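Trainee: Numbering (my numbering), first residue to last: -8 to 528.
Using N, Cα and C, we set each Cβ at its ideal position, and we do this for glycine too.
Just so we're clear, the structure is a prediction, and the values are computed from it rather than from any experiment.
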Amino acid sequence: ETAIREHIQAQLRAQGRVAEVIKLRTKAGREKQCRLYIEVVQLEDGPHAISHLIDLSLSAQPQHGHALSSNDQQETAGELARAAARLQLLADASAAFAEAGMDEHALLALLAQRTAEALDAVCFVRLPSDDGQWLVVAAAHITDPVIRTALGTLFGRTRIAINSQHPTAEVFRSGQSLLTPVIPPEDLQKLLLPELWPVRDQLPLSSSLITPLRAHGEILGCLVFIRHTQKQAAFTQDDLTLAQDLADRAGLALINAHLYRDVQAVQRTAQQAHAQLHALITSLPTGICYLDRELRYQLVNPALAAINGYSPAEHVGQTIHTIIPGISTQVEPLLRRVLATGETIRDMETPGKRYPAHPDSYIWLLSYFPIPDPQNQIAGVGITITDITTIRRTEAALQASMNKLQAALNSMTDAIFITDTAGRLIEFNEAFATFHRFQSKDECPLTLDAYPQIMDILLMTDTPAREEQGVIGRALRGETCTNAEYTLRRKDTGEAWIGSYNFAPIRDGGGTIVGAVVISRDITASKQAEVMLRQSE
């Protein structure tokens, strides 16, 4: 083997040929004479060495070193010419597959055509379906009018279950080619799918060849070749070898097309995601920016740019000391802390202006967070900034209103309380605590369902008031009333008094009841005076 390899390498360097008889020694130690012929041919992809070795041990042999006879030379030359033609065919096919580019459909059609023409046969290319359950026809080349007429459009609708016993499925699963030089009549129905049985008499199939379409150890599909005896010879082992060589070259081109398709899909997805993210960042009312480790702006959205008084493009590459000189010394330690520790600093409330020349003051809510690189190292800092000025001003105004309301409530001697629909006390004054015989507001339960444990509420007939008869139950049903009288009695002290109630429901803008407001006062003394007056009369 070493000697032959050296011969081949020498001829590739010399661009020449050699023809001689050599001795080979077998592993068992027996010597035999062989005829070695090496010729270099030029193909499109460069020089190729074609070597041909013939065992002369069973024939009359020339002596070692003697020249070959004229007949031997002609025979060898013919064999080498056929080998060269085969190499050229494979090289041409590889070039054609490469020229098909990344168009998978064009590549499959070309594959079917080239292999069918090379083998003088009908060719079907079958690939797995999207769900991985079937082998479907992805391309076909049928030049034979008999078969084309018989099949019509049937072949395009046929499919083979991958887990079936069909020969094509078995080749796909095993990755091993299947050569059937002569198809026995009893096996013809097994080879044909049920959809083709009605036309099997019009398909004079006699020889079949199935090869896997593979690349890098992956089975991509199958090539199915058929011939019929009326016009064509049976497939041979040489046909099988040629078919597999063509399939392997096509497999590499096909997997490259798959990879290109997948890369394109990933790129489209990434581009779409990037576009969506860009649109989101651009349209957000919250200011967003990204600073690198040198605290230079790399990304700024319009909201933040407006706050700083520069365009987004004017930010890029500038440091915080250039863009926000007035507060950069306050911000820098926070940014450095994030870069050093990876810590996120959330919701820092900071007063300031939109930009130095702006007359109004604002309140900002800022967060600082680390931005990792692909190796999960901190590459920079992200900042979000939200204008909460309106929120804080509204809260302040609301608090001022609540303070005024509370002051007004506390200045009144009547007990006033407001509840929601769940019976929770929303507001009540000090007079409410006094009316219900508590020492202070702090002693008052904040849910009305706790009060029946503390005191009884009676109708003026001295019968207990049911929940729906109480002032809150009536108000939440939409009733408005003045001077409704009830007797209250503390369970701990036994003290009793009479209360006069005015109440009404609270409705929202849509008219839905959302709570109740109640005003009550202790009228025990006036009731006693009325009794004494009647008695005196």
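In the DSSP assignment, the beta strand (DSSP E) including Gln430 goes from what residue to what residue?
Mentor: Here residue 430 corresponds to residue number 439 of the sequence shown, with the count starting at 1. Unbroken run through Gln430: none, as it is neither H nor E.
Trainee: Over the uninterrupted beta strand (DSSP E) stretch that includes Lys344, give me the two end residues.
Mentor: As a first step, residue 344 must be located in the sequence shown, where it is residue number 353. Where Lys344 is concerned, the enclosing beta strand (DSSP E) stretches over Ile336 to Lys344.
Trainee: Please state whether DSSP places Gln289 in a helix, a strand or coil.
Mentor: Walking along the sequence shown from the start, residue 289 turns up at place 298. In the structure shown, the three-state DSSP call for Gln289 is strand.
Trainee: Could you tell me if Arg240 is buried or exposed, where buried requires 16 or more neighbouring beta carbons within 10 angstroms of its beta carbon?
Mentor: As a working note, residue 240 is residue 249 in the sequence shown. So Arg240 counts as buried.
Trainee: Considering just the uninterrupted stretch of the alpha helix (DSSP H) at Thr385, what are its terminal residues?
Mentor: In the sequence shown, residue 385 corresponds to position 394, counting from 1. Where Thr385 is concerned, the enclosing alpha helix (DSSP H) stretches over Thr380 to Ser402.
Trainee: Between the C-alpha atoms of Ile376 and Gln368, what's the straight-line distance to the nearest angstrom?
Mentor: Position 385 of the sequence shown, counting from 1, holds the residue named residue 376. Position 377 of the sequence shown, counting from 1, holds the residue named residue 368. Their backbone Cα atoms lie some 24 angstroms apart in a straight line.
Trainee: Along the chain, where does the beta strand (DSSP E) containing Ser527 start, and where does it finish?
Mentor: Here the question's residue 527 lines up with position 536 in the sequence shown. Here Ser527 belongs to no beta strand (DSSP E); instead the alpha helix (DSSP H) covers Thr515 to Ser527.
Trainee: Taking all protein chains shown into account, do 16 or more other C-beta atoms lie within 10 angstroms of the C-beta of Asn299, making it buried, or fewer, making it exposed?
Mentor: Sequence index remark: in the sequence shown, residue 299 carries index 308 (1-based). Classification for Asn299: buried.
Trainee: Classify Thr106 as helix, strand or coil using the three-state DSSP reduction.
Mentor: As a position in the sequence shown, residue 106 is number 115, starting the count at 1. Looking at Thr106 - three-state DSSP - the assignment turns out to be helix.
Trainee: Whole angstroms are fine: how far does the CA of Ile318 sit from the CA of Leu467?
Mentor: Along the sequence shown, one-based indexing puts residue 467 at 476. Along the sequence shown, one-based indexing puts residue 318 at 327. Those two C-alpha atoms are separated by around 54 angstroms.
Trainee: Identify the residues that DSSP records as bridge partners of Asp447: which are they?
Mentor: The count along the sequence shown starts at 1 and reaches residue 447 at position 456. For Asp447, the beta-bridge partners assigned by DSSP are Arg480.
Trainee: Any idea what DSSP makes of Gly573, helix, strand or coil?
Mentor: One cannot answer for residue 573 here, as it falls past the ends of the chain, which runs -8 to 528.
Trainee: At the level of alpha carbons, what is the spacing between Gly343 and Leu356?
Mentor: By one-based count along the sequence shown, residue 343 stands at place 352. By one-based count along the sequence shown, residue 356 stands at place 365. Their backbone Cα atoms lie some 11 angstroms apart in a straight line.
Trainee: So if DSSP puts Ala487 in a beta bridge, which residue, or which two residues, is it bridged to?
Mentor: Within the sequence shown, residue 487 is the residue found at index 496, counting from 1. The partner list for Ala487 (beta bridge, DSSP) reads Arg480.
Trainee: Does Ser120 come out as helix, strand or coil in the three-state DSSP assignment?
Mentor: Working through the sequence shown from its first residue, we reach residue 120 at position 129. In the structure shown, Ser120 sits in coil (DSSP, three-state: anything other than H, G, I, E or B).
Trainee: Contact between the segment 413 to 428 and the segment 452 to 459: three or more CB pairs below 8 angstroms?
Mentor: no
Trainee: Determine the contact status of Gly212 and Ala103, defining contact as a CB-CB distance below 8 angstroms.
Mentor: For this step, residue 212 is matched to residue 221 along the sequence shown. For this step, residue 103 is matched to residue 112 along the sequence shown. No, Cβ-Cβ distance for Gly212 and Ala103 is not below 8 angstroms.
Trainee: Tell whether a beta-carbon distance below 8 angstroms holds between Arg328 and Glu334.
Mentor: What you label residue 328 is simply residue 337 of the sequence shown in a count that begins at 1. What you label residue 334 is simply residue 343 of the sequence shown in a count that begins at 1. Yes. Within cutoff.
Trainee: Which residue marks the beginning of the alpha helix (DSSP H) containing Val257, and which one marks its end?
Mentor: What you label residue 257 is simply residue 266 of the sequence shown in a count that begins at 1. Taken as a continuous stretch (DSSP letters only), the alpha helix (DSSP H) holding Val257 covers Gln228 to Ser274.
Trainee: Between Gln54 and Arg26, what straight-line distance do the alpha-carbon atoms span, to the nearest angstrom?
Mentor: Counted from its first residue, the sequence shown places residue 54 at position 63. Counted from its first residue, the sequence shown places residue 26 at position 35. Note that Gln54 scores 46 on pLDDT, short of 50, meaning its location in the model is unreliable; the coordinates nonetheless yield the value given after this. So the two alpha carbons sit approximately 11 angstroms from each other.
Trainee: Alpha carbon to alpha carbon, how far is Leu98 from Gln52? Give it in angstroms, no decimals.
Mentor: Stepping through the sequence shown from its first residue, residue 52 is reached at position 61. Stepping through the sequence shown from its first residue, residue 98 is reached at position 107. Model confidence at Gln52 stands at a pLDDT of 45, short of 50, so the residue's coordinates are unreliable; what they give is reported in the following sentence. About 49 angstroms.
Trainee: Quick one: Cα of Thr473 to Cα of Arg512, how far?
Mentor: As a first step, residue 473 is located in the sequence shown; it is residue number 482 there, counting from the start. As a first step, residue 512 is located in the sequence shown; it is residue number 521 there, counting from the start. Cα to Cα, the separation comes out at about 12 angstroms.
Trainee: Identify every residue that forms a DSSP beta bridge with His132.
Mentor: The sequence position of residue 132 within the sequence shown is 141, counting from 1. Answer by DSSP bridge pairing, in chain order: Cys114.
Trainee: Please report the straight-line C-alpha distance between His57 and Cys114, rounded to a whole angstrom.
Mentor: What you label residue 57 is simply residue 66 of the sequence shown in a count that begins at 1. What you label residue 114 is simply residue 123 of the sequence shown in a count that begins at 1. Because His57 carries a pLDDT of 48, less than 50, the predicted location of this residue cannot be relied on, and no value is offered for it.
Trainee: Given a threshold of 16 other Cβ atoms within 10 Å of its Cβ, counted over all protein chains shown, does Glu95 qualify as buried or as exposed?
Mentor: Working through the sequence shown from its first residue, we reach residue 95 at position 104. Buried: at least 16 other Cβ atoms inside 10 Å.
Trainee: What span of residues does the beta strand (DSSP E) with Ala331 cover, start to end?
Mentor: By 1-based counting over the sequence shown, the position of residue 331 is 340. Where Ala331 is concerned, there is no enclosing beta strand (DSSP E), although the alpha helix (DSSP H) it sits in stretches over Ser319 to Thr332.
Trainee: How big is the Cα-Cα spacing for Ile336 and Ile379?
Mentor: Residue mapping note: residue 336 aligns to position 345 of the sequence shown, counting from 1. Residue mapping note: residue 379 aligns to position 388 of the sequence shown, counting from 1. C-alpha separation (whole angstroms): 17 angstroms.
Trainee: Mark Asp121 as exposed unless 16 or more other C-beta atoms lie within 10 angstroms of its C-beta, in which case mark it buried.
Mentor: Within the sequence shown, the letter at position 130 stands for residue 121. Result: exposed.
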